[in-house]
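So the structure is just underneath, and the comments pick up after that.
There are 4 protein chains.
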Amino acid sequence: MGESSTSSSRRRTTGTGPRAAERIHEATLELLIERGYQKLTVEAVAERAGVNKTTIYRWWPSKGPLLRAALLRSRVLDIDIPDTGNLRGDLIALAGQMARLVNGERTGPVARAMLSGGAQDELALLTRDFFADRLEQERPLFARAVARGELGADTDPALLVDLIAGAVWMRILLRQLPAEDGFVEAVVDAVLPPVGVPLASVEGPR
Amino acid sequence: MGESSTSSSRRRTTGTGPRAAERIHEATLELLIERGYQKLTVEAVAERAGVNKTTIYRWWPSKGPLLRAALLRSRVLDIDIPDTGNLRGDLIALAGQMARLVNGERTGPVARAMLSGGAQDELALLTRDFFADRLEQERPLFARAVARGELGADTDPALLVDLIAGAVWMRILLRQLPAEDGFVEAVVDAVLPPVGVPLASVEGPR
Amino acid sequence: MGESSTSSSRRRTTGTGPRAAERIHEATLELLIERGYQKLTVEAVAERAGVNKTTIYRWWPSKGPLLRAALLRSRVLDIDIPDTGNLRGDLIALAGQMARLVNGERTGPVARAMLSGGAQDELALLTRDFFADRLEQERPLFARAVARGELGADTDPALLVDLIAGAVWMRILLRQLPAEDGFVEAVVDAVLPPVGVPLASVEGPR
Amino acid sequence: MGESSTSSSRRRTTGTGPRAAERIHEATLELLIERGYQKLTVEAVAERAGVNKTTIYRWWPSKGPLLRAALLRSRVLDIDIPDTGNLRGDLIALAGQMARLVNGERTGPVARAMLSGGAQDELALLTRDFFADRLEQERPLFARAVARGELGADTDPALLVDLIAGAVWMRILLRQLPAEDGFVEAVVDAVLPPVGVPLASVEGPR
DNA sequence: AGATAATCGAGACGGTACGTCCAGTCTTCCA
DNA sequence: TGGAAGACTGGACGTACCGTCTCGATTATCT
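First to last, the sequence lines map onto chains F, A, R and D. Read the first sequence against the working numbering and you will find it ends at 200, with the numbers running on by one and no gaps. Read the second sequence against the working numbering and you will find it ends at 200, with the numbers running on by one and no gaps. Read the third sequence against the working numbering and you will find it ends at 200, with the numbers running on by one and no gaps. Read the fourth sequence against the working numbering and you will find it ends at 200, with the numbers running on by one and no gaps.
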């Protein structure tokens, strides 16, 4: 709005990034998908984007921040907060999204990159923020569940999310096992037993 | 066994690895701890081990397998299967071990390395096998719980383990949050709700 | 003159140089002295002069002409034609000036720059003109000597100057030897033996 | 001798330089001649020599030492000490060699390079040593002249050489004037006046 | 105690990418 | 509307490691 108030040709790029920012971001993601985070090189990004290497270094100090910017500008990390009317449905939808993120042809490499660089590298910030943002976006979902009486008011959403997301990432990326049918449901049900219906298998005293 | 059938000192090294294997493994782990997986270089390992670079390449094709060998020879990835007499205690002990593995000064870098290289790199095998081995070792624990009646016979131990381990790794390594007191208990209790008490009514401190 | 005929403030700068010409010249000479010709960069000059690089490139095509302009505006290359009353005294004074030019803290780098760029670079013009100008200024000195009968009318001043200057530059800049006491006198006397007074050391038939 | 005493295939290269030293030296000189010292790049040398850039950097720290090595291995800087039977003839021959060195199609760029880098750069050592070596080689020439009685025993050969060489370099490289016929003779005669004839009366063609 | 493998070290190499500096050009804003 | 600033392409820098190769020198077992 205010940006275009004075003149249609007002500066768009200043402070924002290089003129070829979009091509650079695209090239970055393409190469991430093709080669993985470790083999992603600034040099290759520059070449594919048809841009000089120095242009990239002028705007991003290294591979990590570059990828971070590319991911933020893209929508691959966006999530879609479900609202199915009940907690179980919402969580299953969420878990399904995660499984798809982690498995997807285009998104899987991104998830892997978060593992690769996320624990110590320059990507650590991205990873932390990604999960933190997700959690913030998911809070209303849990608030609705509390309002519906499906969840105690003192339940910690972070814990539930960590359990579900952790299981999905663990299974698919670290264990490298396929997520069979019913996996996400099983995960959700494990942390969220149907109200009033004890797990059929949990008969004995625990 | 068969190897030493003829003589106690007979060909310890042939086909097994370089003479300086031990120094190489030590150097590898030291450098992993100091620099992290990405900045771990074969060249530095060779130098610190006082060995020629070619010697390392003669025995391991690259960084991943080298680190794999070093980790397998070390005991840092070993787990200690608890037997506290009840499932909850066992799982809390297990989760505590995981948290320590992931947080420890010497073991944290190893865990991070598994994330770094584990999802696609040459370390993927190590990661997969590590978690698979763990699960195998943990099976008796679950068998005891089933025998005690704490768990249904059809419960999938893998799911429980993925939930617990996933939450721990997610929280500490990806979210990069500290594991506060009570975290592991909360994780275990979340997947293992008090008997006969529907989740929705569990308002008490978890 | 003609420039200010209409108005005192009329286009002082047009065609003359950038507004910050003085700062740029100063910065150029400072950096030449600090770093030498080869490491003198337009970029550094711009930064030190507090001016954008393009401003410099608008006015001078490259490093050489820039330095040339800076030197011409400064007085470091000026010479002072001596008039001691006799040729030997004049030449010794001249040679002394050269030695000081070549050795001086502020002027030495300039002399070195003329060597560095003078033989082929963009500074070649400067170098050629510098020595040509010098020679023109020195001609009266030789004319006086001829008038005094100290020199044959057909003596080539250029040759004498080349011999003297060449020896000084050679000794100090190329051989990189100090100019000891008596050096300039020896140089002058070698090309100009005192009339009728054989060099004390030149006894034998030459 | 001792090197080949044991076996014909004994190591030839150790400590001497890269295997492709000769090709590298050739490429260096070629490029020096084609482009001049300033535009001589290690990268281009590597490419022309069919060698990787790192190979060059493994052996020489930078352009200067590389060129120095190339020049020393080549014979372009060699001089040929004349022995014509009299001092004047010897000096004229020497001065002629200098003029040819400085003017030659292949040697001129080398001389220019000595000016370019010789006064302060990494080539300074080369320049200094080149002229020092020359002088040492020329000493016998002057000794012969002294023995012949053409020169006083206390004459400083360095001074004569500086005068002659200085004049040649000055005239051709700095003044950028051609060396007309008779130039070297004039130079020599200027520092070596005809016996018994005071300078002022030397009217003849010089 | 030698013969014979296996193993190692030293030295060098081509190659990729790094991150940086600087040259010189182009585009865009501002006074 | 011309001067200045900012962004850009492009070339080279010098470095770190990669993974490979050759060749002689060591070890360690075998007979």
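Cβ atoms here follow ideal geometry from the backbone N, Cα and C, with glycine treated the same way.
>> I need the boundaries of the alpha helix (DSSP H) containing residue 31 (chain R), first residue and last residue.
In response: In the third sequence, counting from the first residue as 1, residue 31 (chain R) sits at position 37. No alpha helix (DSSP H) holds residue 31 (chain R); DSSP gives it neither H nor E.
>> Here's the rule: buried if 16 or more other CB atoms are within 10 angstroms of the residue's CB, otherwise exposed. What is residue 56 (chain F)?
In response: Taking the first residue of the first sequence as position 1, residue 56 (chain F) is located at position 62. Answer is exposed; the Cβ neighbour count stays below 16.
>> If you reduce the DSSP assignment to three classes, tell me which class residue 91 (chain F) lands in.
In response: Translated into positions along the first sequence, residue 91 (chain F) becomes position 97. In the structure shown, residue 91 (chain F) sits in a helix (DSSP, three-state: H, G or I).
> Do you know offhand how far residue 175 (chain R)'s Cα is from residue 181 (chain R)'s?
Replying inline: Reading the third sequence from its first residue, position 181 is the one you call residue 175 (chain R). Reading the third sequence from its first residue, position 187 is the one you call residue 181 (chain R). Taking the straight line joining both Cα atoms gives about 11 Å.
> Got a sec, what are the start and stop residues for the alpha helix (DSSP H) residue 166 (chain A) sits in?
Replying inline: For this step, residue 166 (chain A) is matched to residue 172 along the second sequence. Premise fails: residue 166 (chain A) is in no alpha helix (DSSP H) and is neither H nor E.
> Listed in chain order, which residues of the region 23 to 56 of chain A have Cβ atoms closer than 9 Å to some Cβ of chain F?
Replying inline: Residues 30, 31, 32.
> Of all the residues that make up the region 167 to 185 of chain R, which are near chain D by a beta-carbon distance shorter than 9 Å?
Replying inline: So the close ones are 167, 168, 169, 170, 171, 177, 180, 181, 184, 185.
> Taking the alpha carbon of residue 97 (chain A) as the point to measure from, which residue in A:17, A:172, A:149, A:183 has its own alpha carbon closest?
Replying inline: By one-based count along the second sequence, residue 97 (chain A) stands at place 103. Nearest C-alpha to residue 97 (chain A): A:172.
> Since residue 68 (chain F) meets chain A, which of its residues come closer than 9 Å, beta carbon to beta carbon?
Replying inline: For the purposes of this step, residue 68 (chain F) is identified with residue 74 of the first sequence, where counting begins at 1. For residue 68 (chain F), there are no C-beta contacts with chain A under 9 Å, since the nearest C-beta of that chain is about 20 Å from it.
> CB residue 62 (chain F) to CB residue 114 (chain A), shorter than 8 Å?
Replying inline: Taking the first sequence and counting its residues from 1, one reaches residue 62 (chain F) at position 68. Taking the second sequence and counting its residues from 1, one reaches residue 114 (chain A) at position 120. Between residue 62 (chain F) and residue 114 (chain A), the C-beta gap is not smaller than 8 Å, which leaves the two residues out of contact.
> Is there contact between the region 129 to 148 of chain D and the region 78 to 90 of chain D, where contact requires at least three CB pairs shorter than 8 Å?
Replying inline: With contact defined as three or more Cβ pairs closer than 8 Å, the region 129 to 148 of chain D and the region 78 to 90 of chain D are in contact.
> Going along the chain, which residues of the region 111 to 132 of chain F sit with their C-beta nearer than 8 Å to a C-beta in chain A?
Replying inline: Against chain A - using a Cβ distance shorter than 8 Å - the residues of the region 111 to 132 of chain F are 111, 112, 113, 114, 115, 118, 121, 122, 125, 126.
> Exposed or buried, what is residue 51 (chain D) when buried is set at 16 or more other beta-carbons lying within 10 Å of its beta-carbon?
Replying inline: As a first step, residue 51 (chain D) must be located in the fourth sequence, where it is residue number 57. Flag for residue 51 (chain D) reads exposed.
> Roughly how far, in whole angstroms, is the beta-carbon of residue 185 (chain D) from the beta-carbon of residue 34 (chain R), given that I think they are within contact range, below 8 Å?
Replying inline: Counting from 1 along the fourth sequence, the entry for residue 185 (chain D) is found at position 191. Counting from 1 along the third sequence, the entry for residue 34 (chain R) is found at position 40. Rounded, the Cβ-Cβ distance is 36 Å, inconsistent with contact.
>> What does the Cβ neighbour count give for residue 166 (chain F), buried or exposed, with the cut at 16 atoms within 10 Å?
In response: Within the first sequence, residue 166 (chain F) is the residue found at index 172, counting from 1. Burial of residue 166 (chain F) is indicated by the presence of at least 16 other C-beta atoms within 10 angstroms of its C-beta.
>> According to DSSP, simplified to helix, strand and coil, what is residue 8 (chain A)?
In response: Position 14 of the second sequence, counted from the start, is the residue given in the question as residue 8 (chain A). No answer about residue 8 (chain A) holds up, because its pLDDT of 46 lies below 50 and its placement is not dependable.
> When the Cα atoms are used, what is the spatial distance from residue 47 (chain A) to residue 18 (chain A)?
Replying inline: Within the second sequence, residue 47 (chain A) is the residue found at index 53, counting from 1. Within the second sequence, residue 18 (chain A) is the residue found at index 24, counting from 1. When the Cα atoms are used, residue 47 (chain A) and residue 18 (chain A) turn out to be separated by approximately 11 Å.
> Quick one: which chain R residues come within Cβ less than 9 Å of residue 165 (chain D)?
Replying inline: Counting from one through the fourth sequence, the residue named residue 165 (chain D) turns up at place 171. 152, 153, 156, 160, listed in chain order.
>> Short of 7 Å in beta carbon distance, which residues of its chain neighbour residue 128 (chain F), apart from the five on each side in sequence? Order them along the chain.
In response: Looking up residue 128 (chain F) in the first sequence gives position 134. Only 73 meet the Cβ criterion.
> Who are the Cβ neighbours of residue 109 (chain D) in its own chain at under 7 Å, not counting the five residues just before and after it?
Replying inline: Working through the fourth sequence from its first residue, we reach residue 109 (chain D) at position 115. Excluding five sequence positions before and after residue 109 (chain D), the CB atoms of its chain that fall closer than 7 Å to its own CB belong to 167, given in chain order.
>> Is there a C-beta anywhere in chain D that falls below 8 Å from the one on residue 109 (chain R)?
In response: For the purposes of this step, residue 109 (chain R) is taken as residue 115 along the third sequence, with counting starting at 1. Chain D contact via Cβ: present.
> Expressed to the nearest angstrom, what Euclidean distance is found between the alpha-carbon atoms of residue 84 (chain R) and residue 151 (chain R)?
Replying inline: Counting from 1 along the third sequence, the entry for residue 84 (chain R) is found at position 90. Counting from 1 along the third sequence, the entry for residue 151 (chain R) is found at position 157. Approximately 13 Å, taken between the alpha carbons.
>> Run through chain R and tell me which residues come within less than 7 Å of residue 106 (chain D), C-beta to C-beta.
In response: Along the fourth sequence, read from residue 1 onward, the residue named residue 106 (chain D) stands at position 112. The contacting residues are 113, 114.
>> Is the beta carbon of residue 58 (chain D) closer than 8 Å to that of residue 103 (chain D)?
In response: What you label residue 103 (chain D) is simply residue 109 of the fourth sequence in a count that begins at 1. What you label residue 58 (chain D) is simply residue 64 of the fourth sequence in a count that begins at 1. Against a cut-off of 8 Å, the Cβ pair of residue 58 (chain D) and residue 103 (chain D) comes out as no contact.
> By how many angstroms is the C-alpha of residue 93 (chain D) removed from the C-alpha of residue 68 (chain D)?
Replying inline: Taking the first residue of the fourth sequence as position 1, residue 68 (chain D) is located at position 74. Taking the first residue of the fourth sequence as position 1, residue 93 (chain D) is located at position 99. Taking the straight line from one Cα to the other gives about 19 Å.
> Starting from residue 131 (chain F) and walking both ways along the alpha helix (DSSP H), at which residues does that stretch end?
Replying inline: Along the first sequence, one-based indexing puts residue 131 (chain F) at 137. Segment 118 to 142, the alpha helix (DSSP H) holding residue 131 (chain F).
> Nearest to residue 99 (chain F) by CA position, among F:70, F:43, F:122, is which residue?
Replying inline: Reading the first sequence from its first residue, position 105 is the one you call residue 99 (chain F). Ranking F:70, F:43, F:122 by Cα distance to residue 99 (chain F) puts F:70 first.
> Can residue 65 (chain A) and residue 36 (chain A) be called in contact, C-beta distance under 8 Å?
Replying inline: To locate residue 65 (chain A), count along the second sequence from 1; it is residue 71. To locate residue 36 (chain A), count along the second sequence from 1; it is residue 42. No, they are not a contact pair.
>> Once DSSP output is grouped into helix, strand and coil, what is the label at residue 145 (chain D)?
In response: Here residue 145 (chain D) refers to the residue found at position 151 when the fourth sequence is read from its first residue. If DSSP states are grouped into helix, strand and coil, residue 145 (chain D) belongs with coil.
> Should residue 147 (chain A) be labelled buried (16 or more other beta-carbon atoms within 10 Å of its own) or exposed?
Replying inline: Numbered from its first residue, the second sequence carries residue 147 (chain A) at position 153. When all chains shown are included, residue 147 (chain A) counts as exposed.
> Nearest-angstrom Cα distance between residue 28 (chain A) and residue 38 (chain A)?
Replying inline: Along the second sequence, read from residue 1 onward, the residue named residue 28 (chain A) stands at position 34. Along the second sequence, read from residue 1 onward, the residue named residue 38 (chain A) stands at position 44. When rounded, the distance between both Cα atoms is 12 Å.
>> Relative to the C-alpha of residue 54 (chain D), which candidate in D:26, D:15, D:32, D:163 has its C-alpha closest?
In response: To locate residue 54 (chain D), count along the fourth sequence from 1; it is residue 60. Comparing alpha carbon positions, the residue from D:26, D:15, D:32, D:163 closest to residue 54 (chain D) is D:15.
>> Residues in the same chain with beta-carbon distance under 7 Å from residue 163 (chain F), minus the five sequence neighbours each way, listed in chain order, please.
In response: In the first sequence, the residue the question calls residue 163 (chain F) occupies position 169. Excluding residues within five positions, the ones whose Cβ falls inside 7 Å are 96.
> Looking only at its own chain, which residues have a Cβ that is under 6 Å from the Cβ of residue 120 (chain D), when we skip the five neighbours before and after it?
Replying inline: By one-based count along the fourth sequence, residue 120 (chain D) stands at place 126. Take residue 120 (chain D), set aside five residues on each side of it, and the residues of its chain with a beta-carbon closer than 6 Å to its own are 62, in chain order.
> Mapping DSSP to helix, strand and coil, what is residue 99 (chain R)?
Replying inline: In the third sequence, counting from the first residue as 1, residue 99 (chain R) sits at position 105. Assigned with DSSP and collapsed to three states, residue 99 (chain R) falls in coil, not helix or strand.
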